[in-house]
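Just so you know, we're using the numbering used here here: the sequence shown kicks off at 155 and counts up by one. From the three backbone atoms N, C-alpha and C, an ideal C-beta is built for every residue, glycine too. Computed from a predicted structure; not experimentally measured.
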Amino acid sequence: MSGLSHTRRAVAVSALLLLMTSLVGQATAATITAQPAPGAGVTAPHSLMPSAPAPSPSGREGRTESTRVDKPIKLVKPKGRTGPAGSVLLTGNKGVALTFDDGPDPTNTPKLLKMLAKEQVKATFCLVGTQARRHPDLVEAIAKDGHSFCNHSWNHDLKLGKRPKSAIRADLARTNAAIRAVVPDAKIRYMRAPGGNFTPSLVKVSAELGMHSIYWKVDPRDWEHKTGESSADHRKRIVRIVKKHTRPGAIILSHDYNQPDTIAAYRTLLPWLRHRFDLVALT
Ligand SMILES: [Zn+2]
155 MSGLSHTRRA VAVSALLLLM TSLVGQATAA TITAQPAPGA GVTAPHSLMP SAPAPSPSGR
215 EGRTESTRVD KPIKLVKPKG RTGPAGSVLL TGNKGVALTF DDGPDPTNTP KLLKMLAKEQ
275 VKATFCLVGT QARRHPDLVE AIAKDGHSFC NHSWNHDLKL GKRPKSAIRA DLARTNAAIR
335 AVVPDAKIRY MRAPGGNFTP SLVKVSAELG MHSIYWKVDP RDWEHKTGES SADHRKRIVR
395 IVKKHTRPGA IILSHDYNQP DTIAAYRTLL PWLRHRFDLV ALT
């Protein structure tokens, strides 16, 4: 009997070794794909330890910020009308992009994700760094569902574009690192300035960090709650503006953070848009 159990143990040890080798192999492959730029730093611990316990939703303990370095992108002036400092209004094809800003939000983002999954629509989430750090489970859920990420600054600094380039760079890098502390190989190819306040410096630094600057074509101003406007009227206004102004290629701006009426409005809008347009995540 002892011989048999020894054999079993040997088989178990071999299987474990094989599994570890394969995991390390995968992690190495992921590292190569995720860090194309020379001088890229160490891999975040999550990709080397796939079985590590999920990070606690509230804490940042035990996290190592990703040091991934993205390739800069070339700044090409888009055709036609642009937003501030040459930021783009359109997707560049017929696809319509839904973008949700300021989150993730523990109440609204899960509702939105559920709705998007039901309608089989992919979207782009412009995350605020502090919110991403607070809600890693939601950052993970966004990636798992196949949506894309956009950097919306560390703490929604409306004057970010006017700060020195070094401060802009640090802010954007810190935000990307917060997302990649949860999803180490996350592609973050877009940046949206808080308030849409793009400046040439902000657009330039974003490009240096591999991100296109996105403005919007359709803005239902869902963040603005006018005095005397009921919740129902607010929702109707969002629905009306989006329906009226959306054309192929539009980038639509909305907010999931602290805007329950927006989520409610999308219960009407999502099926309506989906039947008329090709809804795409910016990738
Ligand atoms: Zn915002």
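Buried versus exposed call for residue i [16 or more other C-beta atoms within 10 Å across all chains shown]
i      : result
VAL230 : exposed
SER302 : buried
ASP415 : buried
MET203 : With a pLDDT of 31 at MET203, under the threshold of 50, the modelled position of that residue is not reliable, and no figure is offered here.
ALA386 : exposed
GLY237 : buried
THR278 : buried
GLY312 : Position check: residue 312 holds Leu in this sequence, whereas Gly was assumed. By the 10 Å Cβ count, LEU312 comes out exposed.
SER408 : buried
THR437 : exposed
ARG235 : exposed
For residue i, three-class secondary structure by DSSP
i      : result
LEU433 : strand
MET269 : helix
TYR411 : coil
ALA134 : What is shown of the chain runs 155 to 437, which leaves residue 134 out entirely.
ALA418 : helix
ARG428 : helix
SER360 : helix
ARG343 : strand
SER367 : strand
THR353 : coil
THR400 : coil
Residue i beta carbon near ligand 3 (any heavy atom closer than 8 Å)
i      : result
VAL250 : Ligand 3 is absent from the structure shown, which contains only ligand 1.
Proximity below 9 Å, CB of residue i to CB of residue j
i      : j      : result
CYS304 : THR253 : yes
ASN247 : VAL434 : yes
ALA404 : VAL372 : yes
PRO338 : LEU314 : no
GLY283 : PHE352 : no
ASP410 : PRO290 : no
THR400 : ARG430 : yes
VAL242 : ILE368 : yes
LEU270 : ILE333 : no
MET365 : ILE342 : yes
ASP224 : ARG346 : no
LEU423 : LYS390 : no
ALA297 : ALA340 : yes
Distance, residue j Cα to residue i Cα
i      : j      : result
GLU294 : ALA331 : 14 Å
TRP370 : ALA286 : 22 Å
PRO402 : VAL275 : 16 Å
LEU363 : GLY382 : 43 Å
LEU266 : PRO260 : 11 Å
ALA456 : ARG323 : The requested residue 456 is not part of the displayed model; the chain covers only 155 to 437.
LYS228 : VAL357 : 11 Å
SER506 : THR329 : Within the shown structure, residues of the chain are numbered from 155 to 437, placing residue 506 beyond reach of any answer.
TYR420 : ASP432 : 16 Å
GLU273 : PRO425 : 7 Å
HIS379 : ARG394 : 15 Å
| field | alpha helix (DSSP H) segments (min. 4 residues) lying fully within the stretch 276-323 | value | 283-288 and 290-298
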